[in-house]
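Colleague: Numbering (the numbering used here), first residue to last: 226 to 604.
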Ligand code: ADP
Ligand code: MG
């Protein structure tokens, strides 16, 4: 479904490649964590998959298409098969929740009937029915990320890419988002998630691909986060200005809620990074939203029971699962282990399965059995 063959990415003006000889393959229906310190190449990987950038050498195939031979004019259609969510949500601030989710469908010419059916279903899937008329600023961070996820899913993508989706959220809200992503995966959508959140990775015991300085140093089927010593440290003296002070306050609040210093360090680093990104990219958010629009046929079959989640899946629940999850504070942050070591799972996340077909959204969200081999507009 996603294949990297000896992929190297060298950005102009840099001496060291951001990615170096990366090789991996993600199968349909998998949930894969992409982990590694800041700057290790996670976002570069995701950008290459979205064809926002091209590798310097090597080959990437996504959904059976060799991205080298994908014509530029076909890229927008290709991207409609791939949903993407980011740390900074990237919602359109002047549009309601409903309009944010509907926007990409409107831009890509979906019929009014389809939009009126698909948008409420996507919002129900993420637990936001009833908030359709809210503006983004009237929502919590977790709710904003749910809107972004609904937007990413509304066109039934076969793959969901998530770049640090919990990076701006507090631990409890992050757990909710992780459960939602796991539920989406249980419905058949392939999920590739870049993250710093060692706690989640350790608890979920899914496949882990680890990058270090652009090189893939680990690919483990049921992995933990591994070495957390590279997670950025809390350095208050680098903090400048009111916004940074607010970020530090937020981090200290997080610190009160969890004893896990690694989470706190990551939260601060991400907060500061998010502010920089937000400042730099405030203008182009609507374009990003359009770029990740999707209008596709239902994807390949992957039923929940085939996704290998048996050990952490509970019986069906409706829409909002109970958050019976420990905060991501189980492991002391300083444990350093060689790649490939499987650590015992001490606090398993409980991930209720929702039968998405029962919710009546399987077709809309691309979780049904039919396949689509063509890249192209379908509605
Ligand atoms: P991560 O997401 O793991 O933090 P990135 O993929 O963002 O890592 O970055 C990997 C490396 O590539 C870093 O050294 C970063 O500075 C560099 N890099 C990323 N994007 C660009 C760019 N557009 N131009 C130059 N260097 C870049
Ligand atoms: Mg990144």
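C-beta: ideal position from N, C-alpha, C; glycine also.
Keep in mind the model is a prediction, meaning the values are calculated, not measured.
Drop a sphere of 10 angstroms on the beta-carbon of residue 531, count the other beta-carbons inside from all chains shown, and report buried for 16 or more, exposed for fewer.
Modeller: Below a pLDDT of 50, predicted positions are generally treated as unreliable, and residue 531, at 35, falls in that range; no measurement from the model is reported.
Colleague: Distance check for residue 375 and residue 350, CA to CA, integer angstroms please.
Modeller: The alpha-carbon atoms of residue 350 and residue 375 are separated by roughly 7 Å.
Colleague: Apart from the five residues just before and just after residue 360, which ones in its own chain have a Cβ nearer than 7 Å to its Cβ?
Modeller: Only 321 meet the Cβ criterion.
Colleague: Output needed for residue 309: all residues of its chain with C-beta closer than 8 Å, excluding positions within five of it in sequence on either side, in chain order.
Modeller: Cβ neighbours of residue 309 beyond the five flanking positions: 271, 275, 377, 385, 386, 387, 388 and 517.
Colleague: Note down the Cα distance separating residue 316 from residue 334, rounded to an integer number of angstroms.
Modeller: Spanning the two alpha carbons is a distance of roughly 20 Å.
Colleague: With a Cβ-Cβ cutoff of 8 Å, do residue 391 and residue 409 count as a contact?
Modeller: For residue 391 and residue 409, no; Cβs fall outside 8 Å.
Colleague: Counting C-beta neighbours from all protein chains within 10 Å, is the total for residue 562 16 or more, i.e. buried, or is it exposed?
Modeller: With a pLDDT of only 43 at residue 562, under 50, the local geometry of the prediction cannot be trusted, and the value read off the model is given with reservation. Its Cβ having fewer than 16 others within 10 Å, residue 562 is exposed.
Colleague: Do residue 330 and residue 340 have their C-beta atoms closer together than 8 Å?
Modeller: Yes; because the gap between Cβ atoms is below 8 Å, this pair is in contact.
Colleague: Let me make sure I understand the geometry here. Which of 396, 497 and 239 has the alpha-carbon closest to that of residue 439?
Modeller: The shortest Cα separation from residue 439 among 396, 497 and 239 belongs to 239.
Colleague: Taking just the CA atoms, how far does residue 399 sit from residue 422?
Modeller: Their Cα atoms are separated by approximately 9 Å.
Colleague: Buried or exposed: which applies to residue 362, given that a residue is buried once 16 or more other Cβ atoms fall within 10 Å of its Cβ?
Modeller: Its Cβ having fewer than 16 others within 10 Å, residue 362 is exposed.
Colleague: Less than 7 Å between the CB of residue 313 and some heavy atom of the ligand MG, yes or no?
Modeller: Outside the cutoff, so no.
Colleague: Just to confirm, does residue 391 get its C-beta within under 7 Å of one of the non-hydrogen atoms of the ligand ADP?
Modeller: Every heavy atom of the ligand ADP is 7 Å or more from the Cβ of residue 391, so no.
Colleague: Taking all protein chains shown into account, do 16 or more other C-beta atoms lie within 10 angstroms of the C-beta of residue 248, making it buried, or fewer, making it exposed?
Modeller: Label assigned to residue 248: exposed.
Colleague: Looking at the strands, I want to know which residues DSSP matches up with residue 449.
Modeller: Bridge partners of residue 449: none, in fact.
Colleague: With distances taken Cα to Cα, identify the nearest neighbour of residue 417 among 405, 425 and 432.
Modeller: With distances taken between Cα atoms, residue 417 lies closest to 432.
Colleague: Output yes or no for whether 8 Å exceeds the beta carbon distance between residue 227 and residue 279.
Modeller: Taking 8 Å as the Cβ cut-off, residue 227 and residue 279 do not qualify as a contacting pair.
Colleague: Which residue wins for smallest C-alpha separation from residue 445, given the options 255, 367 and 263?
Modeller: Nearest C-alpha to residue 445: 255.
Colleague: On a Cα-Cα basis, can you pick out the residue from 426, 243 and 497 that is closest to residue 437?
Modeller: The candidate whose alpha carbon is nearest that of residue 437 is 243.
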